[in-house]
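Its first residue numbered 92, the sequence shown is counted upward by one per residue in the working numbering.
Don't be surprised by glycine CBs; every beta carbon is placed ideally from N, CA and C.
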Amino acid sequence: MKAINIGLIGLGTVGTGVVRLLTAEKELLARRLGTHLVLKKAADLDPARLAAAALAPDQVTSRAEDILDDPEIDIVVELIGGCGAAKDYVLSAIDRGKHVVTANKALLAHHGNDLLAAAAAKGVEIAFEASVCGGIPIILALRQGLAANRIQELFGILNGTANYILTQMTQSGASYGQALAEAQAHGYAEADPTLDVEGIDTAHKLAILMSLSYGARLDLDSIAVEGISRLDPLDLQFAGEFGYCMKLLAITRDDGHRVEARVHPTLVPRDHMLANVSGAMNAVYLTGNAVGPILLYGQGAGMMPTASAVVSDLMDLARNLICAVPGRVPALGWESALNTHRLIKPINDLVTNYYLRFSALDRPGVLSQVSGILGKHNISIAAVIQKGREAAGTVPIVMITHEAREADARAAMAEIDRLPIVSPPTVFYRIEDPHLHAAQI
92 MKAINIGLIG
102 LGTVGTGVVR
112 LLTAEKELLA
122 RRLGTHLVLK
132 KAADLDPARL
142 AAAALAPDQV
152 TSRAEDILDD
162 PEIDIVVELI
172 GGCGAAKDYV
182 LSAIDRGKHV
192 VTANKALLAH
202 HGNDLLAAAA
212 AKGVEIAFEA
222 SVCGGIPIIL
232 ALRQGLAANR
242 IQELFGILNG
252 TANYILTQMT
262 QSGASYGQAL
272 AEAQAHGYAE
282 ADPTLDVEGI
292 DTAHKLAILM
302 SLSYGARLDL
312 DSIAVEGISR
322 LDPLDLQFAG
332 EFGYCMKLLA
342 ITRDDGHRVE
352 ARVHPTLVPR
362 DHMLANVSGA
372 MNAVYLTGNA
382 VGPILLYGQG
392 AGMMPTASAV
402 VSDLMDLARN
412 LICAVPGRVP
422 ALGWESALNT
432 HRLIKPINDL
442 VTNYYLRFSA
452 LDRPGVLSQV
462 SGILGKHNIS
472 IAAVIQKGRE
482 AAGTVPIVMI
492 THEAREADAR
502 AAMAEIDRLP
512 IVSPPTVFYR
522 IEDPHLHAAQ
532 I
């Protein structure tokens with residue numbers, strides 16, 4: 092049987108891992124596939140990376156065109172990242188009738204609809220298991236394993252950097268700056284961590300998961316995004332007193348008409364499965380109407396976990412090539428996905444529970460004034476903590492609310508912040524607590 096020839100663009104961390112797996116597990120993969128996966132050529136602009144790849148001289152090049160123009164190469168693996176050259180290389184591969192494997196979540200989130208449409212028109216496939224959660228097979232689960240289910244809700248810890256920082260802040264009481272510096276020292280955070288800590292990377296991944304869950308076009312622009320860079324350890328401490336911990340969550344929920352699409356720091360109960368996802372680990376907790384709740388947990392990044400996902404895609408595409416059935420499973424799991432839109436619920440229409448912290452003067456009647464404004468905006472209080480006098484003369488008042496509409500919560504906070512007895516701004520975080528919801532019912 093004809094071997095499947097592969098061209099690899101990008102010999103960074105993940106690309107190096109792919110080379111290692113294809114080399115070290117060559118015979119295992121061949122036994123499983125029935126033929127060999129052959130890395131015909133790898134391209135990178137860095138001579139040091141090419142030299143370190145332990146490949147034969149005729150297997151390396153500094154020109155991606157040497158891969159794209161080679162008619163014997165069946166599958167192109169794009170691992171350079173970004174939306175510039177990577178997009179050009181993917182489109183060029185598609186135009187030449189080559190299948191593509193990518194780990195590039197930003198490229199898919201921003202340009203996935205156009206790329207997938209181009210691939211479908213050419214009769215080739217784009218596989219992207221490695222784009223979300225590294226070695227966790229969440230794409231496979233949504234495309235095939237859960238195909239009989241309507242995905243009712245999905246909560247994801249999708250960024251290891253942010254989760255590591257929050258874990259350190261929670262466990263040691265470190266400030267955000269201290270936790271970030273530790274993450275950078277351990278290699279979990281980039282020198283510029285903006286994409287990770289501001290929730291942008293998580294939003295890219297959520298856009299992909301939503302498209303797979305609901306069978307609709309990718310819609311990054313409709314996702315409400317907030318990061319963790321302004322977190323105060325004081326709020327993590329109070330959250331703990333209420334029985335919660337803080338996680339940067341990707342959240343989507345289908346109410347049958349509209350879907351929620353949001354990324355933000357979220358309080359979750361300490362007994363929730365996601366509360367125990369610590370360090371740089373990732374997890375996806377989802378509920379299907381038939382299967383019920385499921386948790387997928389593991390390493391969401393790193394050389395070998397992500398390389399594992401890339402090689403899994405190579406195996407899948409190779410099987411389709413062997414059987415001459417490209418496109419057997421649609422890229423987004425639904426035949427109609429690229430022609431389908433879902434209505435996204437605006438964040439102001441969200442109904443959830445809230446954590447609120449006010450800094451107020453230590454005077455009689457303050458709590459009643461605050462609670463009166465909340466009541467005027469249809470917000471009732473589920474629990475409250477009020478600390479004693481502080482040196483500056485203000486005290487924190489911390490509340491957990493019953494379910495309220497986001498627009499009402501924001502209007503109430505704006506009015507409270509105008510009180511002369513309150514030092515704005517009010518701090519607020521959303522809560523995902525099924526116990527609290529059940530108690531209200």
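Query	Result
For Phe282, which residues from the same chain have a beta carbon less than 8 Å from its beta carbon, with the 5 sequence-adjacent residues on both sides left out?	Sequence check: residue 282 is Ala here, not Phe. Counting only Cβ-Cβ distances below 8 Å, and skipping sequence neighbours, we find Gln275.
Closest to Val382 by C-alpha separation, out of Pro421, Asn240 and Ala294, would be which residue?	Asn240
Checking the sheet assignment: what are the DSSP bridge partners for Leu387?	Val375
Can you name, in chain order, every residue of its own chain whose Cβ lies under 6 Å from the Cβ of Tyr255, other than the five neighbours on each side?	Ala274, Tyr279, Gly370 and Ala371
Return the chain-ordered list of same chain residues with a C-beta closer than 8 Å to the C-beta of Thr485, the five sequence neighbours on each side being excluded.	Ser450, Ala451, Leu452, Asp453 and Ser514
Mark Cys414 as exposed unless 16 or more other C-beta atoms lie within 10 angstroms of its C-beta, in which case mark it buried.	exposed
Could you give the C-beta distance for Leu405 and Ile97, rounded to a whole number, given that I count them as a contact under 8 Å?	6 Å
Taking buried to mean at least 16 other C-beta atoms within 10 Å of its own C-beta, is Gln259 buried or exposed?	buried
Give every residue of the same chain whose Cβ lies closer than 6 Å to the Cβ of Arg344, excluding the five residues on either side of it in the sequence, and list them in chain order.	Glu244 and Glu351
Which first and last residues belong to the alpha helix (DSSP H) in which His295 is found?	Ile291 to Tyr305
So, with DSSP's three-state summary, where would you put Lys196?	helix
If I measure Cβ to Cβ from Gly251 and keep anything under 7 Å in the same chain, skipping five residues before and after, which residues do I get?	Tyr279, Ala371, Met372, Asn373, Gly391 and Ala392
Thinking just about the alpha-carbon of each residue, which of Gln150, His202 and Asp362 is nearest to the one in Asp524?	Asp362
Determine the contact status of Leu412 and Leu303, defining contact as a CB-CB distance below 9 Å.	no
Residues in its own chain within less than 8 Å of Ile532 by CB, not counting five upstream and five downstream?	Since pLDDT at Ile532 reaches only 45, below the 50 mark, its modelled position is unreliable, and the value read off the structure follows with that caveat. Here the set comprises nothing.
Answer with buried or exposed for Leu441, where buried requires no fewer than 16 other C-beta atoms within 10 angstroms of its C-beta.	buried
Enumerate in chain order the residues of its own chain whose CB-to-CB distance from Ala498 is below 8 Å, with the five nearest sequence positions on each side excluded.	Asn439 and Asp440
Helix, strand or coil for Ile171 per DSSP?	coil
What residue from Ile314, Ala298 and Ala315 has the CA that sits closest to Ala307's CA?	Ala298
By Cβ distance below 7 Å, which residues in the same chain neighbour Leu510 in space, the five residues on each side in sequence not counted?	Gln460
Asn444 and Ile491 look like a contact to me (Cβ under 8 Å); what is the Cβ gap, rounded to whole Å?	6 Å
Among Val168, Glu317 and Leu112, whose alpha-carbon lies nearest the alpha-carbon of Ala134?	Val168
Enumerate, from N- to C-terminal direction, the unbroken beta strand (DSSP E) stretches of 3 or more residues contained entirely within the stretch 109-186.	128-134 and 166-169
Under 8 Å by Cβ, that's how I've got Phe329 and Leu447 pegged, so tell me the actual separation to the nearest angstrom.	The pair is not a contact, with the Cβ atoms about 10 Å apart (cut-off 8 Å).
So, with DSSP's three-state summary, where would you put Ala482?	Note that Ala482 scores 45 on pLDDT, short of 50, meaning its location in the model is unreliable; the coordinates nonetheless yield the value given after this. Note: Ala482 maps to coil in three-state DSSP.
Report, in whole angstroms, the separation of the C-beta atoms of Ile470 and Ala503, which I expect to be a contact under 8 Å.	6 Å
Under a CB-based cut-off of 9 Å, is Ala392 close to chain C?	You won't find chain C in this structure, because it holds only one protein chain.
Taking the alpha carbon of Arg123 as the point to measure from, which residue in Ile522, Ala409, Arg187 and Leu231 has its own alpha carbon closest?	Ala409
Please determine, among Val109, Leu300, Gly268 and Leu102, the residue with the shortest C-alpha to C-alpha distance to Ile248.	Leu300
Answer yes or no: do Leu198 and Leu207 have a C-beta to C-beta separation smaller than 9 Å?	no
For Ala341 and Gly226, what's the separation of their Cα atoms in angstroms?	18 Å
Let me check one thing: in DSSP terms, what residues is Met337 bridge-paired to?	Leu358
Comparing C-alpha positions only, which one of Gly347, Val457, Arg433 and Lys296 sits nearest to Val223?	Lys296
Can you list, in chain order, the residues of its chain whose CB lies under 7 Å from that of Asn195, leaving out five sequence neighbours each side?	Glu169, Gly172, Ala177 and Ser222
Closest to Ile507 by C-alpha separation, out of Leu458, Val420, Asn380 and Ala272, would be which residue?	Leu458
Please work out which residues of its chain come closer than 6 Å, Cβ to Cβ, to Pro396, disregarding the five sequence neighbours upstream and downstream, and give them in chain order.	Gly225, Gly226 and Gln390
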